[in-house]
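A short write-up of the structure that comes next.
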Amino acid sequence: MNKKIKLSENDWKKKLTPEEFHVLREKGTEKPFTGKYLENKEKGKYLCAGCENELFDSDSKFDSGTGWPSFTHPVGYDNVEETEDISYGMVRTEVLCEKCGGHLGHVFDDGPKPSGKRYCINSLSLKFQEEK
Ligand code: FE
Numbered sequence: 448m449n450k451k452i453k454l455s456e457n458d459w460k461k462k463l464t465p466e467e468f469h470v471l472r473e474k475g476t477e478k479p480f481t482g483k484y485l486e487n488k489e490k491g492k493y494l495c496a497g498c499e500n501e502l503f504d505s506d507s508k509f510d511s512g513t514g515w516p517s518f519t520h521p522v523g524y525d526n527v528e529e530t531e532d533i534s535y536g537m538v539r540t541e542v543l544c545e546k547c548g549g550h551l552g553h554v555f556d557d558g559p560k561p562s563g564k565r566y567c568i569n570s571l572s573l574k575f576q577e578e579k
């Protein structure tokens with residue numbers, strides 16, 4: 448089993464850039480069409496920018512036109528945690544890293560088949576590892 452990672456707010460601030468901290472630890476959202484992985488089409492794995500937990504594979508990435516990197520499914524459903532988010536007057540499903548609890552983005556039911564899901568994920572929450 449994966450060991451959970453628990454750091455103090457101060458330790459996260461030391462480990463992450465201010466932008467990463469805002470998204471991962473304060474549930475921020477990067478501006479659409481600004482993320483570094485939006486157009487990334489290389490083959491590889493997307494790890495958590497906070498703890499390097501494997502989250503998404505490039506094979507599940509698709510162009511949703513929304514301005515954020517989008518995936519049809521995570522590497523494993525145990526690698527992420529999904530929880531109801533009722534902030535900003537909307538009911539959405541938030542996606543978190545299972546290992547460090549970092550905020551990744553949201554999942555919606557308008558993705559392509561067969562999963563029908565669209566994992567809408569901030570580039571700032573991810574760290575791409577190219578396949579060698
Ligand atoms: Fe993590």
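Quick note on numbering: the sequence shown equals residues 448 to 579 in the numbering used here.
Yeah, the Cβ is synthetic: ideal placement off N, Cα and C, and Gly gets one too.
Being a predicted model, the structure only gives us computed values, none of them experimental.
Item, Value
"Cα-Cα separation, Gly-548 to Val-538", "20 Å"
"Under the three-state DSSP convention, the category Val-522 falls into", "coil"
"Close Cβ partners of Trp-459 (< 8 Å) along its chain, the five nearest in sequence each way excluded", "Phe-468, Leu-471, Arg-472, Gly-497"
"6 Å CB neighbourhood of Lys-488 in its chain, flanking five on each side removed", "none"
"Whole-angstrom distance between Leu-543 and Gly-552, CA atom to CA atom", "7 Å"
"Collapsed DSSP secondary structure at Leu-485 in the structure displayed", "coil"
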